Each structure stands twice: as structure tokens, then as C-alpha cells.
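Each remark here refers to the structure printed beneath this line.
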Amino acid sequence: MTVSDGAPHLHGDAEATESSILSLDDGDIHVCQDGPRDAPALLLIHGSASSTRSWDPLVPLLTGSHRVIRIDLLGHGRSAKPADRSYALPDQGRRVGVALDRLGVEHAIVVGHSSGGAVATALTEQRPDLVTALALINTGPSMDAFIAPQSAAIDPSQWPPTDEQIRQFASTAFSRPGYQIPQELLNEVRAMTYHTLTTTMQATSEYLKQQALPDRLTALGKPLLVIFGEDDRRWRPSSAADYRTVPGARVELLPGLGHSPLLEDPLRTATSLLAFTAIHAARAD
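Our numbering numbers the first residue of the sequence shown as 1197 and each following residue consecutively.
Shown next, in the form of C-alpha cells:
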């Protein structure tokens, strides 16, 4: 079942965003769609402690040539946050595949930011027929590349956290001087439960420990673009080179940007994405 929330959201001069809720067996999933519905599908998957809102600055730059689809993964954003469902990445990937089926999408280029790139990989492992090509933005290739945080995590007794606690927690996600985290993203973190925050982050670690992403992607044989901010403070930027073992992979480092290029410099991020999708979108039509 698809339920519209009846409140289109506007992004600048772009067409109204179509926001809807898909009722899946293990929880409702929130979906946003922008751009021409007959254009090639471009799916955007957010990272941990994030939501569809993290793509807001980028979406208007992509809708000229794509049907842009964003999904709040279970436990995030406006999707359900059950305490008794699996948040393992294969299950998150499965839900994404079901959502695309419900939307009538037969082929899509899939873009994932941070842990969203791991979910995109899990989706491709299960549904290689659905995914035409992959683009990963600051997605750590393995746990060896992870930079352990110096600040303590938010304590469960302090949940829900204050804005300042969230800013401290999220500070390593940005490196561009003077960048301010938008209030709506702080609100999205606070809307999560402590269980979904910690469980979804642990699920990414477990998936990467089982097998490194370059090995998984090599086996899949899909066209691959890797974008990495050179000043990432969550994943070692030099680890982007690990993806070069994937045949045909294109790796681009963005100077002056950190873990979240899509927010720190949407135009530069969109330029890289559109050059890649222009090559592969015809097969996603």
C-alpha cells in the first residue's frame, strides 16, 4: 500500500517532491521522488544517523535528467523505527528492493553515502537485475579504514540528545571550514531511537567485517564510481584507493571536503555523479 502524506515539499525551483509511505511487512518506509517519472531512475541511499533530508541540496542538481528516488531506511527519518526487526544490511537492502518494486522501477543507478554505500552493495548482491551501476560517496571499504572517534558516544541516559550533543557527535562528518550542520539534520538524529541509532551503526560494522566492499563489488561486476572527500575524518581518505582493485572502477578524490561532499559541496558532487550517470543511465532506462 502507498499512502501519500498530502504535503508536497519544494526544493527551490524544482518540481514538488512527491512524499509517500510504503507499507512493508516489517515496517513503513518513507519515500521521496523528484524529477520526471519517465526519466532514468537514480536511487539515493543515506548513511547512518541520517535520512532523505541529507540529499536535499543535491536533488535539484540531478532532476534535469533523472527520476530521483530517496528512501528513509528502516529506523531513520520518517520511516518506522521498530525495536523488534532486523537492521542487518542485507535486510535493509531487501527492503529497498521491495520499495523499488512497489514504485515500478525495473532498473536504477544506485548512489550511497557512507554506510548507505554498503546498503547499496547489499541491494546489488540480492538484486543484480535491478542495479545498473553503483556510486559510493565516502563509503569506507573495510573496517581497517575506520577512524575511531575521539569523543565519547551519546549515553542512552541522555537520549534524546540536545543540539550541542548531536553537533559534537556529528562533527567528524564535515570538514569544510565554516560548515554548519542544518537544523533539520539535527532533528532527524533526535527522531531516531537509541536502539535504531546504535543497532544500525553496528550492522554496518558487521557487514564490512564479513567481507570488504571491494571484494564484494568485484564479484558483482557493476560499473562503479567512488567519490571521496580528501579530508574525511571518519574513514581514512587513502582507503579510497582500495576500490581500484575493482575492474573498471573510477575513483575521484575531492580536495577540501570531508565525509559529506553531498552537503559540503553539492555542485562538485553532482558534477561527478552526472558525468558517471550520463554514461550508464541509458541502461537504467
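We put the beta carbon where it would ideally sit given N, CA and C, even for glycine.
From a predicted model like this one, the values you see are computed outputs, not experimental measurements.
From Ala1203 to Glu1214, what distance separates their C-alpha atoms?
-> Residue mapping note: residue 1203 aligns to position 7 of the sequence shown, counting from 1. Residue mapping note: residue 1214 aligns to position 18 of the sequence shown, counting from 1. A caution first: Ala1203 carries a pLDDT of 36, below 50, which makes its placement in the model too unreliable to give a value.
Hey, His1455 and Arg1429 are a contact pair by Cβ (cut 8 Å); roughly how many whole angstroms apart?
-> In the sequence shown, the residue the question calls residue 1455 occupies position 259. In the sequence shown, the residue the question calls residue 1429 occupies position 233. That pair is a contact at about 6 Å.
Take the Cβ of Gly1300 as the centre, count every other Cβ of all protein chains shown within 10 Å, and call the residue buried at 16 or more, exposed below.
-> By 1-based counting over the sequence shown, the position of residue 1300 is 104. Only exposed fits Gly1300, as fewer than 16 other CB atoms lie within 10 angstroms of its CB.
For Phe1342, the first and last residue of its enclosing beta strand (DSSP E) = The residue you call residue 1342 lines up with position 146 of the sequence shown. Taken as a continuous stretch (DSSP letters only), Phe1342 belongs to no beta strand (DSSP E), as it is neither H nor E.
Cβ neighbours of Leu1393 in the same chain (closer than 7 Å, five flanking residues each side left out) | As a first step, residue 1393 is located in the sequence shown; it is residue number 197 there, counting from the start. Once the five neighbours on either side are set aside, the close Cβ partners of Leu1393 are Ala1245.
Would you list the one or two residues that DSSP bridges to Ile1350?
-> For the purposes of this step, residue 1350 is identified with residue 154 of the sequence shown, where counting begins at 1. Answer is none; Ile1350 lacks a bridge partner.
Cut-off 6 Å between Cβ atoms - residues of its own chain near Asp1438, not counting five sequence neighbours on either side = Mapped onto the sequence shown, residue 1438 falls at position 242. Pro1337 and Pro1410, listed in sequence order.
By Cβ distance below 8 Å, which residues in the same chain neighbour Gly1293 in space, the five residues on each side in sequence not counted?
-> The residue you call residue 1293 lines up with position 97 of the sequence shown. Excluding sequence neighbours, Gly1293 sits near Leu1319, Gln1322, Arg1323 and Leu1326.
Considering Ser1435, what are the terminal residues of the alpha helix (DSSP H) in which it resides?
-> On the sequence shown, position 239 is the one that residue 1435 refers to. Annotation for Ser1435: no alpha helix (DSSP H) segment contains it, and DSSP assigns it neither H nor E.
Rounded separation between Leu1453 and Leu1330 - CA only | Position 257 of the sequence shown, counted from the start, is the residue given in the question as residue 1453. Position 134 of the sequence shown, counted from the start, is the residue given in the question as residue 1330. Whole-angstrom Cα-Cα distance: 21 Å.
So the alpha helix (DSSP H) Phe1370 belongs to, where does it begin and stop?
-> What you label residue 1370 is simply residue 174 of the sequence shown in a count that begins at 1. First-last for Phe1370: undefined, no H or E at that position.
For Ser1311, count neighbouring C-beta atoms within 10 Å of its own C-beta (all shown protein chains included) and say buried if the count is 16 or more, exposed if not.
-> Locating residue 1311 in the sequence shown gives position 115, counting from the first residue. It is buried - the Cβ of Ser1311 has at least 16 other Cβ atoms within 10 Å.
Drop a sphere of 10 angstroms on the beta-carbon of Asn1383, count the other beta-carbons inside from all chains shown, and report buried for 16 or more, exposed for fewer.
-> Here residue 1383 refers to the residue found at position 187 when the sequence shown is read from its first residue. The residue in question, Asn1383, is exposed, as its Cβ has fewer than 16 Cβ neighbours within 10 Å.
Just the C-alpha distance for Leu1206 and Ile1241, rounded to the nearest angstrom, thanks.
-> For the purposes of this step, residue 1206 is taken as residue 10 along the sequence shown, with counting starting at 1. For the purposes of this step, residue 1241 is taken as residue 45 along the sequence shown, with counting starting at 1. Confidence in Leu1206 is poor, its pLDDT being 37 and thus under 50, which makes the residue's placement unreliable; the coordinate value appears in the next sentence. Per the coordinates, the alpha-carbon of Leu1206 lies some 20 Å from the alpha-carbon of Ile1241.
Secondary structure at Gly1202, three-state DSSP: helix, strand or coil?
-> As a position in the sequence shown, residue 1202 is number 6, starting the count at 1. Caution applies to Gly1202, whose pLDDT of 35 falls short of 50 and renders its modelled position unreliable; the value that the coordinates give is listed next. In this structure, Gly1202 counts as coil in the three-state DSSP scheme.
Pull up the distance between the alpha-carbon of Leu1416 and that of Ile1377, whole angstroms please.
-> For the purposes of this step, residue 1416 is taken as the residue at position 220 of the sequence shown. For the purposes of this step, residue 1377 is taken as the residue at position 181 of the sequence shown. Those two C-alpha atoms are separated by around 35 Å.
Buried or exposed for Asp1461, please, with buried defined as at least 16 other CB atoms from any protein chain shown within 10 angstroms of its CB.
-> The sequence position of residue 1461 within the sequence shown is 265, counting from 1. By the C-beta density criterion, Asp1461 is buried, having at least 16 other C-beta atoms within 10 angstroms.
Neighbourhood of Glu1426 by C-beta, 8 Å cutoff - its chain only, sequence neighbours within 5 removed | As a working mapping, residue 1426 is identified with position 230 in the sequence shown. For Glu1426, same chain residues with a beta-carbon under 8 Å away, outside a window of 5 residues either side, are Pro1433, Leu1449, Leu1450, Pro1451, Gly1452 and Leu1453 in chain order.
Arg1323 beta carbon near the ligand MG (any heavy atom closer than 7 Å) | Of the ligands one can find in the structure shown there are none, so the ligand MG has no counterpart to examine.
Report buried or exposed for Lys1277, applying the criterion of at least 16 other Cβ atoms within 10 angstroms of its Cβ.
-> Sequence index remark: in the sequence shown, residue 1277 carries index 81 (1-based). Lys1277 should be labelled buried.
CB-CB length for Val1422 against Ala1387, believed under 8 Å | Here residue 1422 refers to the residue found at position 226 of the sequence shown. Here residue 1387 refers to the residue found at position 191 of the sequence shown. At roughly 30 Å, the Cβ-Cβ gap does not stay under 8 Å, so Val1422 and Ala1387 are not in contact.
Do you know how far the Cα of His1272 is from the Cα of Ile1225?
-> Residue numbering aside, residue 1225 sits at position 29 when the sequence shown is read from its first letter. Residue numbering aside, residue 1272 sits at position 76 when the sequence shown is read from its first letter. Answer to the nearest angstrom: the Cα atoms are 9 Å apart.
4-residue-minimum alpha helix (DSSP H) runs that sit fully inside the region 1379 to 1411, ordered along the chain | You should have 1379 to 1387 and 1390 to 1406.
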